[in-house]
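Numbering (the UniProt record's numbering), first residue to last: 1 to 708.
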């Protein structure tokens with residue numbers, strides 16, 4: 001069938017594809033959303049041609065559609081496959097095929113649009129290829145064996161712009177090039193490659209192959225638990241000279257779009273779309289991972305989707321031209337503050353100060369500035385004082401200290417970084433100011449837990465150490481007995497004290513927990529596998545330490561306790577579980593003998609706080625925190641007394657809105673999410689950005705002794 005030229009979708013400026021959500025009982029309702037649309041509107045289309053049909057793959061502006069025709073309600077007449085262009089409503093029918101074959105395929109690709117005479121639909125099963133080329137009257141089936149290994153299978157296939165087809169096996173150590181021969185068969189050439197060494201902490205991940213300007217990329221989306229949100233993203237690129245996957249630290253001005261029905265990449269330089277990002281959708285949400293800062297933004301592209309909602313896919317209309325935008329020479333008014341690696345000089349690299357009659361306070365004499373700085377009431381005020389202008393930045397910077405001469409900040413700072421880099425940032429959530437430092441010890445390491453100004457960190461598969469990012473002191477720990485795989489990590493006291501214990505817990509079933517711990521000064525970890533007397537599955541949060549024991553929270557809200565008192569080292573389970581479960585986010589907090597659990601629904605749809613009653617061994621739901629406030633993150637959570645009334649009853653998360661300094665918090669009073677700048681108020685966290693590799697940390701600062 002010849003494709004018509006009429007377009008059924010409106011023109012949208014910019015190079016990005018449509019994100020399409022099939023929905024409705026018959027799958028004939030399609031909701032289109034484009035991130036290039038300045039109005040961020042969604043478009044609903046009803047396509048009767050694909051009613052009760054499902055998508056196999058979306059590539060080059062076309063979908064491979066599969067469906068069935070029934071002779072009557074009980075009898076299947078035949079299988080139907082066709083190519084469909086949603087933009088033009090064009091259809092090209094494909095021959096019928098064996099139902100058994102099409103039910104067993106692992107991957108499907110469309111090598112090029114049907115306007116290309118070399119267009120081919122290729123399906124790959126455990127031991128066979130099934131392909132159709134433009135003009136064929138029937139499908140061709142061809143069997144294969146993976147490099148003489150009958151137990152390995154091809155599970156991913158990708159085509160490059162030069163026409164080359166690459167296949168990758170489930171073992172991840174073999175790939176193949178597939179070529180079409182003139183006789184209507186496929187020739188396969190197998191290559192041995194080095195497996196990508198990916199994130200060992202993840203319990204679940206999704207992997208995607210992406211072709212970008214002739215290069216092949218392997219993307220892993222890591223989730224810690226079965227239902228937990230994204231934790232980490234890894235990107236590898238195939239080095240064909242070394243036959244190995246190499247780690248990618250940046251995508252530059254490129255964007256990846258991922259889905260189970262096909263992936264694509266685009267260059268978006270100066271297009272208005274942020275580069276160095278990865279877009280993917282789950283259920284009715286769109287997520288954008290920032291490769292540079294390890295952040296995750298979440299959006300609700302289409303409102304009121306008709307249930308049920310099926311897996312979304314990306315669609316690039318074949319008639320859309322992807323523009324190459326020239327670099328914009330305009331500069332921004334303000335550039336970021338750069339703090340030198342020595343942490344001795346803070347300078348404003350570019351600053352434009354508006355001149356006015358009332359700006360003479362900038363020119364205050366240095367002795368007056370020093371006097372003001374010396375009498376500032378808090379370290380937070382001092383740090384916020386210096387970035388005002390160049391002259392004010394000339395006064396001595398903060399000295400980090402761990403002794404009693406310093407002052408601990410009233411509130412914790414949010415520390416976040418890209419684990420592939422040495423730079424980290426600190427956000428003051430109350431004063432909304434960001435400070436940046438460079439610490440070479442952070443490169444390649446991941447933050448596991450923080451307490452009393454110290455970080456517990458891991459590096460590689462088995463290395464663990466303490467690091468103080470303010471004093472730059474490092475304390476090494478013995479290597480782990482096995483590769484890093486913990487659901488939670490914590491330590492009992494300052495790592496400078498002799499009684500410090502590092503505690504890690506993991507579970508792969510409801511019957512057992514695996515516990516590893518080490519006392520500072522010991523040469524090796526103690527490893528124990530303990531049976532549960534009650535079936536529980538621990539959540540993916542860090543334990544808390546109280547009264548000689550580490551407390552762990554399960555998804556069902558059991559409280560597991562590992563007690564070190566009197567060197568007994570026993571594991572027991574407390575509490576009757578609450579009926580409501582949370583497979584999204586759960587946290588445990590301890591403060592002055594109080595233990596709280598915090599549960600957050602998907603995309604912040606609800607937040608609950610419960611307090612543990614040690615006398616009844618039960619949880620009590622809290623309606624208010626009183627004069628306290630919570631700081632929650634995946635690594636460390638804190639309960640602190642608020643110093644002013646406006647901060648009562650707030651729960652801060654590592655989330656921001658529009659600006660990294662515009663922190664987002666949940667109010668137990670309003671039962672809504674708000675921002676520090678007052679420009680955000682919702683019952684969920686759509687349109688916000690979360691830092692994934694972060695922690696709350698309370699530094700001890702010293703500044704007044706600069707002037708002595």
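Where a beta carbon is used, it is the ideal one built from N, C-alpha and C, also for glycine.
Taken in chain order, the whole beta strand (DSSP E) runs of length 3 or more contained in the region 651-705 are 659-667, 672-675, 688-691, 694-697, 700-702. DSSP, reduced to helix, strand and coil, places residue 388 within a helical segment of the structure shown.
Separation of residue 607 and residue 693 (C-alpha to C-alpha, rounded to the nearest whole angstrom) is 22 Å. When only Cα atoms are considered, residue 197 and residue 485 end up about 14 Å apart. One alpha carbon belongs to residue 59, the other to residue 152, and they sit about 27 Å apart.
Around the CB of residue 308, fewer than 16 other CB atoms lie within 10 Å, so the residue is classed as exposed. The DSSP-derived three-state label of residue 292 is coil. Rounded to whole angstroms, the separation of the alpha carbons of residue 107 and residue 36 is 30 Å. Look at residue 440 here: in three-state DSSP terms it is helix. Judged by their CB atoms, residue 612 and residue 597 are nearer to each other than the 9 Å cut-off. Taking residue 297 as reference, the option from 683, 277, 303, 311 with the minimal CA-CA separation is 277. Under the three-state reduction of DSSP, residue 275 is assigned to coil, being neither helix nor strand.
Under the criterion of beta carbons closer than 8 Å, residue 560 and residue 595 do not qualify as touching, at roughly 12 Å. The criterion of a C-beta distance shorter than 9 Å is not satisfied by residue 426 and residue 445. By the C-beta criterion, the region 116-126 is judged to be in contact with the region 92-107, since at least 3 inter-stretch pairs fall below 8 Å. Non-local beta-carbon contacts of residue 637 in its own chain, meaning distances under 6 Å to residues more than five positions away in sequence, involve 587, 589 in chain order.
Cβ neighbours of residue 519 within its own chain (closer than 6 Å, five residues either side excluded): 501. One alpha carbon belongs to residue 642, the other to residue 467, and they sit about 28 Å apart. Residue 628 sits in a strand when the DSSP states are folded into three classes.
Segment contact: the region 681-692 against the region 288-305, three or more CB-CB distances shorter than 8 Å; contact assigned.
Here the alpha carbon of residue 102 sits roughly 9 Å from the alpha carbon of residue 79. In the three-state scheme derived from DSSP, where H, G and I count as helix and E and B as strand, residue 193 is classed as coil. Taking every protein chain shown into account, the CB of residue 645 has fewer than 16 other CB atoms within 10 angstroms, so this residue is exposed. Counting along the chain, the unbroken beta strand (DSSP E) around residue 133 starts and ends at 128-133. Less than 9 Å divides the Cβ of residue 652 from the Cβ of residue 629. Apart from sequence neighbours up to five positions away, the residues of its chain that approach residue 288 with a beta-carbon distance below 6 Å are 277, 279, 297, ordered along the chain. Taking each of 92, 698, 64, 262 in turn and checking the Cα distance to residue 470, the smallest one comes out for 698.
Residue nearest to residue 135 within the set 94, 453, 111, 171 is 94 (criterion: CA-CA distance). The residue among 192, 176, 585, 415 with its C-alpha nearest the C-alpha of residue 442 is 415. Around the beta carbon of residue 304, fewer than 16 other beta carbons sit within 10 angstroms, so the residue counts as exposed. Going by C-alpha positions, residue 635 is about 13 Å away from residue 412. Pairing residue 440 with residue 455, the inter-Cα distance amounts to about 14 Å. The beta carbons of residue 683 and residue 605 sit closer together than 9 Å. Distance from the CA of residue 499 to the CA of residue 473, rounded to the nearest whole angstrom, comes to 19 Å.
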